[in-house]
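Participant: Sharing a structure here in structure tokens format.
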Amino acid sequence: MRRVNGTALIIAALLATVAALAFPIWSYADRSGTGQANLDAGTVATRWGPLSATDRDFIVKVRLAGLWEIPAGQQAMERAPTRAVREAGDHLVVGHTDLDQRVRSVASRLGVELPSQPNAQQQGWLAQLSAARGKDYERKFANLLRDSHGKVFALIAQVRHTTRNTLVRELATDANQTVLDHITMLENTGDVDFDALANEAAGTATASPTGPPPPDGRTPRDPAPAAGPTGSPEATSRPSAQPTDEPGRVIDTDRPAPTS
1 MRRVNGTALI IAALLATVAA LAFPIWSYAD RSGTGQANLD AGTVATRWGP
51 LSATDRDFIV KVRLAGLWEI PAGQQAMERA PTRAVREAGD HLVVGHTDLD
101 QRVRSVASRL GVELPSQPNA QQQGWLAQLS AARGKDYERK FANLLRDSHG
151 KVFALIAQVR HTTRNTLVRE LATDANQTVL DHITMLENTG DVDFDALANE
201 AAGTATASPT GPPPPDGRTP RDPAPAAGPT GSPEATSRPS AQPTDEPGRV
251 IDTDRPAPTS
């Protein structure tokens, strides 16, 4: 009897251990905080496909972009002293006027509420532009707008890649074309500070950069090898070829030449 009871206790303990180990695996998909759970919690069904929280955020940001970039473009067309900046302003007005019409149509069909004025940060950018003059105005215009377009470009790519909603996918395609055109026009002004853009992006990066080593196996701090008399780095270290009187035999230039 004692042997039977002992065996039963061992079996019960093993079953409890297996259940404890298996429970996190069974329940993991249902726990809040996971990526899939967050996606499901923020997604609603529509006739054009699931509409996620990221989709709705994208729609709102497209609307916000037009609310401050259209007046910024109009201001540039009126105030900019150079033709390149005025042309960039014209592209902003035309592009975002068209894109704003599309985003309002999409939002109406999907039931997404849109803002009616720029957010506080965008209003601050417009205030900076209004206070600037001359070349300072052009630099601020090019860099504020180029930085803003570059950041929304990343969101567009994410949404275009992951959305399951047909209307949002079409809007992302339109927005991608519009934003790329504006980035190009802003860069054509010659006022974009690419070093500042790169440094800002590097300041928010968390992963170490990867990629092939610099050319010639040098690190960025190594000086380039000195050029020789012919302009080739190897020219100063490579031994000069000695003359030969027949293939495979080198003439000893220190020995008198044979006489016939």
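Going by the UniProt record's numbering, 200 is the number at position 200 of the sequence shown; the sequence numbering is gapless. Beta carbons are placed, not taken as given, at the ideal position from N, Cα and C, and that holds for glycine.
1. Going by beta carbon distance, what residues of the same chain come within less than 8 Å of I59, once the five residues before and after it are set aside?
2. For W68 and T166, which I take to be in contact (beta-carbon distance under 8 Å), what is that distance rounded to the nearest angstrom?
3. Please state if the CB of G89 and the CB of M77 are separated by a distance shorter than 7 Å.
4. Around the C-beta of A177, are 16 or more other C-beta atoms found within 10 angstroms, so that it is buried, or is it exposed?
5. Give the straight-line distance between the Cα atoms of N199 and A120, rounded to the nearest whole angstrom.
6. Among the candidates P214, G124, P212, whose CA atom is the shortest distance from the CA of L144?
7. Tell me whether the beta-carbon of D191 lies closer than 7 Å to the beta-carbon of R133.
8. What is the DSSP secondary structure of residue 267, counted as helix, strand or coil?
9. Pull up the CB-CB distance for R146 and L99, whole angstroms please, since I reckon it's below 8 Å.
10. Look at the alpha carbon of L197 and the alpha carbon of D174, and state the distance between them as a whole number of angstroms.
11. Using the DSSP secondary-structure output, state which residues sit across from L51 in a beta bridge.
12. Suppose contacts are defined by Cβ-Cβ distances below 7 Å. Is H91 in contact with H149 by that definition?
13. Buried or exposed, going by whether 16 or more other CB atoms sit within 10 Å of the CB of F141?
14. If you draw a straight line from the alpha carbon of P214 to that of D195, how long is it in whole angstroms?
15. Run the CB neighbour count on D40, radius 10 Å, all protein chains shown included, and call it buried at 16 or more, exposed below.
16. Is N165 helix, strand or coil when you go by DSSP?
17. Apart from the five residues just before and just after Q158, which ones in its own chain have a Cβ nearer than 8 Å to its Cβ?
18. H96: buried (16+ other C-beta within 10 angstroms of its C-beta) or exposed?
19. Use the C-beta contact count for L180: other C-beta atoms within 10 angstroms, 16 or more gives buried, fewer gives exposed.
20. Ends of the alpha helix (DSSP H) at E113?
21. Shortest alpha-carbon distance to I70 belongs to which of L51, L126, T43?
22. With a 10 Å radius around its C-beta and 16 neighbouring C-beta atoms as the bar for buried, classify R56 as buried or exposed.
23. Quick one: Cα of R164 to Cα of K135, how far?
24. Kindly indicate the opening and closing residues of the alpha helix (DSSP H) around D191.
Facilitator: Well, looking at it:
1. Looking up residue 59 in the sequence shown gives position 59. Annotation for I59: V103, V106, A107, L110, V112, L114, V168, L171 place their beta carbon closer than 8 Å to its own, counting only its chain and skipping 5 residues before and after.
2. By 1-based counting over the sequence shown, the position of residue 68 is 68. By 1-based counting over the sequence shown, the position of residue 166 is 166. That pair is no contact at about 28 Å.
3. Position 77 of the sequence shown, counted from the first residue, corresponds to residue 77. Position 89 of the sequence shown, counted from the first residue, corresponds to residue 89. Yes; because the gap between Cβ atoms is below 7 Å, this pair is in contact.
4. Here residue 177 is taken as the residue at index 177 of the sequence shown, counted from 1. According to the sequence shown, residue 177 is Gln rather than Ala. It counts as exposed.
5. Translated into positions along the sequence shown, residue 199 becomes position 199. Translated into positions along the sequence shown, residue 120 becomes position 120. Taking the straight line joining both Cα atoms gives about 25 Å.
6. Here residue 144 refers to the residue found at position 144 when the sequence shown is read from its first residue. It is G124.
7. Counting from 1 along the sequence shown, the entry for residue 191 is found at position 191. Counting from 1 along the sequence shown, the entry for residue 133 is found at position 133. For D191 and R133, no; Cβs fall outside 7 Å.
8. No answer is possible for residue 267: it lies beyond the span of the chain, which begins at 1 and ends at 260.
9. Residue mapping note: residue 146 aligns to position 146 of the sequence shown, counting from 1. Residue mapping note: residue 99 aligns to position 99 of the sequence shown, counting from 1. With a beta-carbon spacing of about 18 Å, R146 and L99 fall beyond the 8 Å limit used to define contacts.
10. On the sequence shown, position 197 is the one that residue 197 refers to. On the sequence shown, position 174 is the one that residue 174 refers to. D174 has its alpha-carbon roughly 25 Å from the corresponding atom of L197.
11. The residue labelled residue 51 in the question sits at position 51 within the sequence shown. Partner(s): V44.
12. Looking up residue 91 in the sequence shown gives position 91. Looking up residue 149 in the sequence shown gives position 149. Not in contact: H91 and H149 (Cβ atoms no closer than 7 Å).
13. Position 141 of the sequence shown, counted from the first residue, corresponds to residue 141. By the 10 Å Cβ count, F141 comes out buried.
14. Locating residue 214 in the sequence shown gives position 214, counting from the first residue. Locating residue 195 in the sequence shown gives position 195, counting from the first residue. Straight-line measurement puts the Cα of D195 at about 19 Å from the Cα of P214.
15. On the sequence shown, position 40 is the one that residue 40 refers to. Exposed, by the Cβ-count rule.
16. By one-based count along the sequence shown, residue 165 stands at place 165. The answer is coil: DSSP assigns N165 none of H, G, I, E or B.
17. As a first step, residue 158 is located in the sequence shown; it is residue number 158 there, counting from the start. Once the five neighbours on either side are set aside, the close Cβ partners of Q158 are T54.
18. Along the sequence shown, read from residue 1 onward, the residue named residue 96 stands at position 96. So H96 ends up on the buried side.
19. Sequence index remark: in the sequence shown, residue 180 carries index 180 (1-based). Within 10 angstroms of the beta-carbon of L180 lie fewer than 16 other beta-carbons, which makes it exposed.
20. Taking the sequence shown and counting its residues from 1, one reaches residue 113 at position 113. For E113, there is no enclosing alpha helix (DSSP H), as DSSP marks it with neither H nor E.
21. The residue you call residue 70 lines up with position 70 of the sequence shown. Per the Cα distances, L126.
22. Reading the sequence shown from its first residue, position 56 is the one you call residue 56. Residue environment: R56 is assigned as buried (16 or more neighbouring CB atoms within 10 Å of its CB, all protein chains considered).
23. Residue 164 sits at position 164 when you count from the first residue of the sequence shown. Residue 135 sits at position 135 when you count from the first residue of the sequence shown. Looking at the two C-alpha atoms, the distance is approximately 45 Å.
24. Indexing the sequence shown from 1 puts residue 191 at position 191. Where D191 is concerned, there is no enclosing alpha helix (DSSP H), given that its DSSP letter is neither H nor E.
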